[in-house]
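Sequence lines, in order, name chains A and B. If you read the first sequence in the working numbering, its first letter stands for residue 1, the second for the next number, and so on. If you read the second sequence in the working numbering, its first letter stands for residue 1, the second for the next number, and so on.
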Amino acid sequence: MGKKISEKTLRKSFWNWFFWHGCSQQAETMLGMSFAQAMSPVIDELYDSKADKAAALKRHITLFNTEQQVGSICNGIVCGLEEANANGKCTPELISSVKVALIGPTSAIGDSLWVATIIPILLTICLSISQASPAVSWLGPIVYLIVYPIGTCILSWNLFKLGYRSGIEGMQGLMSTGKLDTLTDTMTILGLIVVGALTASFVTAVIPFKIVKDIYDATQGKTLTGQTIFDANNMVNTIFPKMIPLLLTLGVYYLYSKKKWSPLRLMGLILVVACVFTAVGYLTGYYK
Amino acid sequence: MGTHQIILIALFVYLGSIGSIVGNTIGWYTLGRPLIASFVVGVILGDVQTAMMVGIPLQIMYMGNVTPGGAVAWDLSYATYIGTAGAIVFGKGMGATEIIGLAVVFAGIGGLVGQIMWNVSYALNLPLNRVASRYAEAGATKKMFIPNVVLGQLIGFVCRFVPAIIVLTSITAASAQGDFAKIIPAWITTALGIFGGMMASLGMGIILSFLLKKKYHIVIFLVGFIFITYFNLSTMAAAVIAVIIAILYYVIVNSATITKKGVA
């Protein structure tokens, strides 16, 4: 009779991964140790002899890396392969090569769709809730605290089971229907509009330059003190409201994405610009 | 900050860091996000209102701080827990923009410490591979948690908790030196306010680099921008409209692909 991993062991393996996937991250094997720990209940159940267990553990403490939340599909797939191996239908070499092959695509999907799209969008929605009124500013973090971990946990577990049940074909099926692309595009549109709105309401930058003079009013024969003759900021805003924050954001985007500046370097640049603006503001009497 | 408050905040700094014992889903991606971190600090220090006031701009600023490809820009949990705590302790009696500016500066200091400690723990974890391979050699499936969880987290905890205690204690000690709302000259607080407002562009700019995949996408970004500037909508209203547009797009594209398949 063939060996089968029980539901209980699968669950145990998943929880091991969900909580402790990053516990011993380092440059040599990345997530190797945590992957081996997640696999150990499965290995324990599938193999009887010490030698078999040792061999299985040894192939799983090697280099492995992925985006851990979406990457639980790898754990599922490998569980399925180990089960096949215990029944003599798969080879250890195949398991190792499939694992290495999974690193690239799962990291890419996880990073681009989940980490870089879903998280910022959920955060921006929660930010809007918090920003709506100072009295309910606590509501935003509470919503995120509930929605994100629970939603991700459910997704992770389902991907894990999908990987176990349908193996590598299941993942290919998921990637080839085109549904994933449409979903990504939809999320991108949602994200872009919200980020645009946030940019307009949160990025502040003014040109601290105006000319204030006392003018002699000939018609009334008296001097009017402190009249603003020229206000650079007002002028820019009548052309396009909040043009300076918009240009600043697009400038940062350009430097980060096209010129490959590091965030730390950009931070330094912004600090310098802020200091220059402050100095100009004080010199022209914009700030007092 | 009292001793128990410092210990509690330092504990959350550890929990919210990358690869803590609660996993990245609950830790790094939830407790480590500035919006949540500042809320937690607010609850611990008993001033949620001020905490959220700095938490929202900090979240915008660090919006782009996710870890694509495992590259860590700077340790977010350090930055925001210490940034918010520092701003609340030092900013007593200051205006909103100045407190935000202070938070940005403290977050920068915290982030720097965090980045160093991340690299230290990354290096210290290396010998654990030897322990793990010894257990694997013996086929000890029941003991694989020792190198990963027990030893890995011992290092992780020491690298996050201890420096956080030191930084938070120094902040508390420094804040007792005087009334900073009066000591700090006006031009510094002005500069801090300007800096804080401009830093929001960093988070937005980095997020744009993830989202702008095609040239025309910039137009969609401008739609959101104009919702606020021309139509005077709140960000919440803009978000609701964004959800509606996204759903319509999804439905239209989906039905279009179905018809195409039907014709073919």
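Heads up, the beta-carbon is just placed ideally off N, CA and C, and yes, glycines get one too.
Residue i at chain A interface by Cβ criterion, 8 Å
i: Phe-195/B; result: yes
i: Asn-119/B; result: no
i: Thr-257/B; result: yes
i: Ser-98/B; result: Going by the sequence as given, residue 98/B is Glu instead of Ser. No, no contact with chain A.
i: Met-236/B; result: yes
i: Gly-70/B; result: Residue placement at Gly-70/B is poorly supported in this model, since its pLDDT is 44, which falls under 50; the coordinates still yield a value, given next. Closer than 8 Å: yes.
i: Ser-133/B; result: yes
i: Ile-252/B; result: no
i: Ala-246/B; result: yes
Beta carbon of residue i nearer than 8 Å to that of residue j
i: Lys-58/A; j: Ala-136/B; result: yes
i: Leu-46/A; j: Glu-83/A; result: yes
i: Ser-38/B; j: Val-22/B; result: no
i: Gly-101/B; j: Phe-195/B; result: yes
i: Thr-265/B; j: Asp-44/A; result: Any question about residue 265/B goes unanswered here, given that chain B covers just 1 to 264.
i: Trp-114/A; j: Gln-69/A; result: yes
i: Thr-80/B; j: Leu-58/B; result: yes
i: Tyr-144/A; j: Leu-192/B; result: no
i: Leu-45/B; j: Leu-31/B; result: no
i: Gly-2/A; j: Asn-87/A; result: yes
i: Val-203/A; j: Pro-245/A; result: yes
i: Phe-106/B; j: Ala-87/B; result: yes
i: Cys-74/A; j: Leu-94/A; result: no
i: Thr-228/A; j: Val-212/A; result: yes
i: Tyr-62/B; j: Gly-203/B; result: yes
i: Leu-233/B; j: Phe-227/B; result: yes
i: Leu-248/A; j: Ser-201/B; result: yes
i: Cys-23/A; j: Gln-153/B; result: yes
i: Met-33/A; j: Leu-128/B; result: yes
i: Ile-82/B; j: Ile-56/B; result: no
i: Ile-61/A; j: Thr-106/A; result: no
i: Thr-182/A; j: Tyr-250/B; result: yes
Close Cβ partners of residue i (< 7 Å) along its chain, the five nearest in sequence each way excluded
i: Tyr-286/A; result: Pro-208, Phe-209, Lys-210
i: Lys-161/A; result: Gly-76
i: Thr-9/A; result: Pro-41, Val-42, Glu-45
i: Phe-230/A; result: Lys-210, Ile-211
i: Lys-12/A; result: Pro-41
i: Phe-19/A; result: none
Top-ranked residue by Cα proximity to residue i, from the options
i: Pro-120/A; options: Ile-247/B, Ser-255/B, Ala-239/B; result: Ala-239/B
i: Asp-179/B; options: Thr-3/B, Arg-134/B, Gly-93/B, Asn-24/B; result: Gly-93/B
i: Ser-201/A; options: Phe-157/B, Leu-248/B, Ile-245/B, Ala-237/B; result: Ala-237/B
i: Leu-63/A; options: Ser-133/B, Ala-96/B, Thr-25/B; result: Ser-133/B
i: Gln-37/A; options: Phe-161/B, Tyr-78/B, Val-89/B, Val-150/B; result: Val-150/B
i: Ile-243/B; options: His-21/A, Ala-197/A, Met-243/A, Ile-244/A; result: It is Val, not Ile, that sits at residue 243/B in the sequence shown. For Val-243/B, the nearest C-alpha among the options comes from Ala-197/A.
i: Leu-264/A; options: Ile-7/B, Asp-75/B, Asp-47/B; result: Asp-75/B
i: Ala-96/B; options: Thr-25/B, Ala-51/B, Leu-154/B, Leu-128/B; result: Ala-51/B
i: Ser-72/A; options: Leu-266/A, Lys-288/A, His-21/A, Thr-91/A; result: His-21/A
i: Met-243/A; options: Val-206/A, Val-272/A, Gln-220/A; result: Val-206/A
i: Trp-118/B; options: Ala-181/B, Ile-18/B, Leu-222/B; result: Ile-18/B
Any chain B beta carbon closer than 8 Å to residue i
i: Ser-166/A; result: no
i: Gly-285/A; result: no
i: Phe-19/A; result: yes
i: Pro-120/A; result: yes
i: Asp-231/A; result: no
i: Met-267/A; result: yes
i: Ala-101/A; result: no
i: Thr-278/A; result: yes
Distance cut-off 7 Å: residue i Cβ against heavy atoms of the ligand SAM
i: Ile-7/B; result: Questions concerning the ligand SAM fall outside what the structure shown contains, since it holds no ligand whatsoever.
Other residues of its chain near residue i: CB distance less than 8 Å, five sequence neighbours each side excluded
i: Ile-5/B; result: This sequence places Gln at residue 5/B; Ile is not what is there. Around Gln-5/B: Ile-44, Leu-45.
i: Met-1/B; result: Ile-9, Leu-45, Ala-85, Val-89, Leu-168, Ile-171, Thr-172
i: Ser-112/A; result: Thr-184
i: Ile-220/B; result: none
i: Asp-214/A; result: Thr-223, Leu-224, Thr-225, Gly-226, Gln-227
i: Pro-141/A; result: Cys-126, Ser-130
Residue i at chain D interface by Cβ criterion, 8 Å
i: Tyr-216/A; result: Considering every chain present, this structure includes no chain D. Its protein chains are A and B.
Own chain, CB closer than 6 Å to residue i, minus 5 neighbours either side, in chain order
i: Ile-206/B; result: Gly-64
i: Met-187/A; result: Thr-117
i: Cys-90/A; result: Leu-81, Ala-84
*Please name the residues in the stretch 9 to 27 of chain B whose beta-carbon is closer than 9 Å to at least one beta-carbon of chain A, in chain order.*
Ile-18, Gly-19, Ser-20, Ile-21, Val-22, Gly-23, Asn-24, Thr-25, Ile-26, Gly-27
*asked:* What are the residues in the stretch 204 to 215 of chain B lying within 8 Å of chain A by C-beta distance?
replied: Met-204, Gly-205, Ile-206, Ile-207, Leu-208, Ser-209, Phe-210, Leu-211, Leu-212, Lys-213
_Residues within the stretch 28 to 49 of chain B neighbouring chain A, beta-carbon criterion of under 7 Å_ = Tyr-29, Thr-30, Arg-33, Leu-35, Ile-36, Phe-39, Val-48, Gln-49
*When you check each C-beta in the stretch 53 to 64 of chain B against every C-beta of chain A, which residues fall closer than 8 Å?*
Met-53, Gly-55, Ile-56, Pro-57, Gln-59, Ile-60, Met-63, Gly-64
*Can you give me, in chain order, the residues of the stretch 186 to 208 of chain A that have a beta carbon less than 7 Å from any beta carbon in chain B?*
Thr-186, Thr-188, Ile-189, Leu-190, Gly-191, Leu-192, Ile-193, Val-194, Val-195, Gly-196, Ala-197, Leu-198, Thr-199, Ala-200, Ser-201, Phe-202, Val-203, Thr-204, Ala-205
*the stretch 151 to 163 of chain B: positions lying closer than 9 Å to chain A by Cβ*: Leu-151, Gly-152, Gln-153, Ile-155, Gly-156
*Report the residues of the stretch 77 to 93 of chain B with a CB closer than 7 Å to any CB of chain A, ordered along the chain.*
none
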